[in-house]
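Okay, so here's the structure we're looking at.
2 protein chains.
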Amino acid sequence: MAKFDMQLDLLFTALGDPTRRAILSRLARGPASVSELAAPHDMALPSFMGHLKRLEEAGLIASHKQGRVRICTLAPQALTPAQDWLSEQRQIWSGRLDRFDDYVTRLVQETQK
Amino acid sequence: MAKFDMQLDLLFTALGDPTRRAILSRLARGPASVSELAAPHDMALPSFMGHLKRLEEAGLIASHKQGRVRICTLAPQALTPAQDWLSEQRQIWSGRLDRFDDYVTRLVQETQK
DNA sequence: CGATTACTTAGGGACATGGCTAAGTTTGAC
DNA sequence: GTCAAACTTAGCCATGTCCCTAAGTAATCG
């Protein structure tokens, strides 16, 4: 499970940055070159490339060079583990809510020990 | 939209750490005190409290003191923005896939300029 | 072939993160 | 009232993140 955890780490931290989420949103409208992607982001190119690298390491995008241009595309299936984890948690959580009074009962018992 | 972005930053980066995800999973089974939560995590208490703080700042958990014990509970609805963003993206992405040939067409036109 | 474009590499600086120990503070138990 | 439990605060250190500039490489254009 450790490897799987690592993948979630990469995924969630990749998503935890507005620049990177913006890149993903832009790529959702279709593939683009590095400079096309960088244009709206007031940032030096090497800094921007760092974000692309993080996204690629998380498996969220893929890229290949065509001549001197690097084309980036989405890897849509990469989001699945993140979505799965979230909905799994959500499901357990809402299940618990139905039995919240269990907690209150236990709590009272504990404090009376 | 900046504030909303910030909330997503906090959420996703909070989720991007295995210790913190483990805390959430544990809390999914019901509320717990700080030391109960910390027990399985070979880590000094102040370090562990740092993680709880991050989770609380992200709105994922709430806590209150009962005597000298701090009880933590989940704030289940806090995941919603993250899930919404993910499924929104996923939807746009899959929409694009149906029209992937558009890109190829455009690409050929571009390269022939 | 010389210039320009589109990255790429190298290196550095400020601040955040994730861990630690040591020393409080507040309650609850005796 | 004393003492132990359960945090809490303060402060430190190593590493990571996110940004920068400067200089290098590779591919196209004129």
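Heads up: the protein sequence lines correspond to chains A and B, in order. Reading the first sequence from the start, the letters are residues 32 to 144 in my numbering. Reading the second sequence from the start, the letters are residues 32 to 144 in my numbering. For glycine and all other residues, C-beta sits at the position ideal for the given N, C-alpha and C.
A direct Cα-Cα distance of roughly 31 Å separates residue 44(A) from residue 100(B). Shown in chain order are the members of the segment 111-124 of chain A whose Cβ falls below 8 Å from a Cβ of chain B: 113, 114, 116, 117, 118, 120, 121, 123, 124. Nearest Cα to residue 49(B) within the set 56(A), 51(A), 40(A): 40(A).
Within chain B, the residues 49, 52 have their CB atoms less than 8 Å from the CB of residue 36(A), given in chain order.
With distances taken between CA atoms, residue 86(A) lies nearest to 104(A) out of 98(A), 104(A), 97(A). Between residue 120(B) and the set 36(A), 60(A), 37(A), 81(A), the nearest pair of CA atoms involves 60(A). For residue 100(A), the pairing in a beta bridge is given by DSSP as 97(A). For residue 68(A), the enclosing alpha helix (DSSP H) begins and ends at 65-69. The beta carbons of residue 55(A) and residue 113(B) sit no closer together than 8 Å. Among the CB atoms of chain A, one or more fall inside 8 Å of the CB of residue 40(B).
For residue 110(B), the three-state secondary structure derived from DSSP is helix. Judged by their CB atoms, residue 57(A) and residue 46(A) are not nearer to each other than the 8 Å cut-off.
A residue is called buried when at least 16 other Cβ atoms come within 10 angstroms of its Cβ; residue 95(B) does not meet this threshold and is exposed. Close CB contacts of residue 38(A) within its chain, under the 7 Å cut and outside five residues either way in sequence, are with 112 (chain order).
Residue pairing by DSSP places residue 105(A) opposite 92(A) in a beta bridge. Taking C-beta atoms under 8 Å as the contact rule, residue 102(A) and residue 64(A) qualify, at a distance of about 6 Å.
Listed along chain B, the residues sitting closer than 8 Å to residue 107(A) by beta-carbon distance are 121, 124, 125, 128. At a C-beta separation below 8 Å, residue 83(B) has no neighbours in chain A, since its nearest C-beta there lies roughly 17 Å away. Closest in alpha carbon position to residue 125(A), among 108(B), 122(B), 115(B), 70(B), is 108(B). Distance from the Cα of residue 51(A) is smallest, within the candidate group 79(A), 97(A), 106(A), 75(A), for 79(A). Separation of the CB atoms of residue 106(B) and residue 90(B) is rounded to 6 Å, and the pair is thereby assigned contact status at 8 Å. No Cβ of chain A is located within less than 8 Å of the beta carbon of residue 79(B).
Under a criterion of Cβ atoms nearer than 7 Å, no residue of chain A is adjacent to residue 76(B); the nearest Cβ is some 21 Å distant.
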